[in-house]
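Below is one structure, written out as structure tokens; comments come after it.
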């Protein structure tokens, strides 16, 4: 079970594969649910060419541990991996990875969704966008993860 | 007894008030809300401001203790 704050770009697929081979007990898991959040090059009608992700060192890790503990209490998780970027980010780079290993798919889907939504609403990260016009602006709110168009 | 409280600001709130932290001397029994007003007498706290003490979320009426780290920041936008 691991939580990582990552100042450099990472390949989520490689991270998942390495972590699973090294840490997740073979033969026990029947379901792996993976969520990867990636930086877009547009937001709210504007072209975005870069982003800076600020966090609160110490509190960010503490809140992520709390979220993971609540998920562990609610679902029979065999393992989980949370990775979140900080610092300067470019479009198409991964921002967040949540992977959950369980015996059955329902728990994997539900726990990974819970972790992701809780992270979006309580983990202290803040995005500042750099637009194509060179204007900088703070992102002020997240989209609703459950909204249906 | 006088207490020493570290106050930290993040993201757009840090930009808005123009600094990232304060060290305040305060008396016992002071709340998080009162800490804001001690540190920012000329600025109202934005409506959506979140507060933490020692890296846990708290309500604004929470009392602080000597050595506590108080933080103020806007709604989070990670993920």
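Residue numbers (my numbering), protein chains in the order written: chain A, 1 to 149; chain B, 1 to 79. Think of the CB as a built atom: it goes at the ideal place given N, C-alpha and C, for glycine as much as any other residue.
State the DSSP-derived secondary structure class of residue i, mapped to helix, strand or coil.
i: residue 105 of chain A; result: helix
i: residue 89 of chain B; result: No answer is possible for residue 89 of chain B: it lies beyond the span of chain B, which begins at 1 and ends at 79.
i: residue 83 of chain A; result: strand
i: residue 61 of chain A; result: helix
i: residue 48 of chain A; result: strand
i: residue 110 of chain A; result: helix
i: residue 120 of chain A; result: helix
i: residue 72 of chain A; result: helix
i: residue 28 of chain A; result: coil
i: residue 55 of chain A; result: strand
i: residue 88 of chain A; result: strand
i: residue 62 of chain B; result: coil
i: residue 43 of chain B; result: coil
i: residue 141 of chain A; result: coil
i: residue 38 of chain B; result: helix
How is the beta strand (DSSP E) around residue i delimited, first residue to last?
i: residue 14 of chain B; result: Counting along the chain, residue 14 of chain B falls outside any beta strand (DSSP E), though it belongs to the alpha helix (DSSP H) covering 11-17.
i: residue 27 of chain B; result: 21-27
i: residue 76 of chain B; result: Where residue 76 of chain B is concerned, there is no enclosing beta strand (DSSP E), given that its DSSP letter is neither H nor E.
i: residue 129 of chain A; result: 125-131
i: residue 9 of chain A; result: From DSSP, residue 9 of chain A is part of no beta strand (DSSP E); its letter is neither H nor E.
i: residue 52 of chain B; result: 50-53
Given residue i, which residues of its chain have a CB within under 6 angstroms of its CB, disregarding the five upstream and five downstream residues?
i: residue 49 of chain B; result: 72
i: residue 38 of chain A; result: 94
i: residue 116 of chain A; result: 35 and 98
i: residue 10 of chain B; result: 73
i: residue 19 of chain A; result: 81
i: residue 145 of chain A; result: 117
i: residue 6 of chain A; result: 83 and 85
i: residue 3 of chain A; result: 64 and 82
Can you list, in chain order, the residues of its chain with a C-beta nearer than 7 angstroms to that of residue i? Leave out the 5 residues immediately preceding and following it.
i: residue 29 of chain A; result: 78, 101, 102 and 103
i: residue 112 of chain A; result: 33, 35, 98 and 100
i: residue 68 of chain B; result: 5, 53 and 54
i: residue 38 of chain B; result: 24 and 26
i: residue 110 of chain A; result: 75
i: residue 40 of chain B; result: 17
Which first and last residues belong to the alpha helix (DSSP H) in which residue i is found?
i: residue 15 of chain A; result: 12-23
Which same chain residues, not among the five before or five after residue i, have their C-beta less than 8 angstroms away from its C-beta?
i: residue 35 of chain B; result: 5, 7, 24, 26, 64 and 70
i: residue 121 of chain A; result: 142
Run the proximity test for residue i: is its beta-carbon closer than 7 angstroms to any non-hydrogen atom belonging to the ligand MG?
i: residue 40 of chain A; result: Because no ligand of any kind appears in the structure shown, any question about the ligand MG cannot be addressed here.
Could you name the residues of the segment 52-79 of chain B whose beta carbon sits closer than 8 angstroms to any beta carbon of chain A, in the order they occur along the chain? 52, 55, 56, 57, 71, 73, 74, 75, 76, 77, 78 and 79
Is it true that the segment 58-76 of chain A meets the segment 32-48 of chain A, where meeting means three or more beta-carbon pairs spaced less than 8 angstroms apart? no
Give the residues from the segment 19-43 of chain B that approach chain A closer than 8 angstroms (Cβ to any Cβ), ordered along the chain. none
If contact means a Cβ-Cβ distance below 7 angstroms, which residues of the segment 60-72 of chain A contact chain B? 62
Are three or more beta carbon pairs between the segment 133-145 of chain A and the segment 17-29 of chain B nearer than 8 angstroms? no
Output, in sequence order along the chain, the residues in the segment 116-127 of chain A whose CB is closer than 8 angstroms to any CB in chain B. 116, 119, 120, 121, 122, 123, 124, 125, 126 and 127
Using a Cβ distance threshold of 8 angstroms, determine whether the segment 76-83 of chain A contacts the segment 49-63 of chain B, with at least three qualifying pairs required. no
Inter-stretch contact (C-beta, 8 angstroms, three-pair minimum) for the segment 93-109 of chain A and the segment 37-45 of chain B: no
Got a sec: which bits of the segment 2-18 of chain B sit with their beta carbon under 9 angstroms from any beta carbon on chain A, in order along the chain? 8, 10, 11, 12, 14 and 15
At a CB distance below 8 angstroms, what residues from the segment 39-54 of chain A approach chain B? Give them in sequence order. 53 and 54
Given a limit of 8 angstroms on CB to CB distance, which residues of the segment 94-106 of chain A reach chain B? 95 and 96
Residues of the segment 135-146 of chain A whose Cβ lies closer than 8 angstroms to any Cβ of chain B, in chain order: 138, 139, 140, 141 and 142
Closer than 7 angstroms, Cβ to Cβ, to anything on chain B: give me those residues from the segment 2-31 of chain A, in chain order. none
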